[in-house]
Amino acid sequence: MAEGQIISKALGALLDIMTSDKVKEAQCIEAARAIIEYEAPPEVFDLTYKYLIGVAQDEAQDVALKLKALELIRKAEAKRITPGTAKAVDTSAAMALGRAVAMAKRRVELVRGERWPAQDGWTENLGEVRGMVVEEEGVASRLKAARSRACELRH
């Protein structure tokens, strides 16, 4: 480990269990699991990874323990894929936003056709209005990009 690297007592205890020759191999693998599935200093992670590789490559090792070691190695090697979180959608807000966008499109059409200011009722018969949901993450950067594109189109 790097000089001056401090590890928690729990992590130290797990390392002691994993590297002990007095502990059953299955329990050593459980200690390795507890280390590798959570954040640990790189040196500790590397030591644990090498231990698991050793278990997996040991010809004399029980197949069930090899499989457990390989499963943990695979978890460490693979990028974790987690399903997205379902989000509730406010349908009335989505429909209101969809209507506002449809009205904006109609207004653009009227301005381009030099029919603005419009007559009464220009917001009626907008056609099919679909609800819209705006992803909140990154909205500021997307808005800035849209504004700069609009400025470029005007000039």
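Numbers 1 to 155, taken from full-length UniProt numbering, label the letters of the sequence shown in order.
Ideal Cβ placement from N, Cα and C applies to all residues, glycine included.
Whole angstroms are fine: how far does the CA of residue j sit from the CA of residue i?
i: arginine 74; j: asparagine 125; result: 58 Å
i: alanine 104; j: arginine 142; result: 18 Å
i: glycine 127; j: glutamate 37; result: 54 Å
i: arginine 147; j: valine 101; result: 16 Å
i: glutamate 109; j: cysteine 151; result: 18 Å
i: glutamine 119; j: alanine 96; result: 22 Å
i: isoleucine 17; j: glutamine 27; result: 8 Å
i: serine 92; j: phenylalanine 45; result: 50 Å
Can you tell me whether DSSP reads residue i as helix, strand or coil?
i: proline 117; result: coil
i: leucine 153; result: helix
i: isoleucine 36; result: helix
i: lysine 22; result: coil
Buried or exposed for residue i, please, with buried defined as at least 16 other CB atoms from any protein chain shown within 10 angstroms of its CB.
i: glycine 138; result: exposed
i: lysine 9; result: exposed
Considering just the uninterrupted stretch of the alpha helix (DSSP H) at residue i, what are its terminal residues?
i: glycine 54; result: 42-57
i: glycine 12; result: 9-19
i: alanine 60; result: Run containing alanine 60: none; DSSP gives neither H nor E here.
i: leucine 126; result: Taken as a continuous stretch (DSSP letters only), leucine 126 belongs to no alpha helix (DSSP H), as it is neither H nor E.
i: glycine 138; result: It is not in any alpha helix (DSSP H) - glycine 138 carries neither H nor E in the DSSP assignment.
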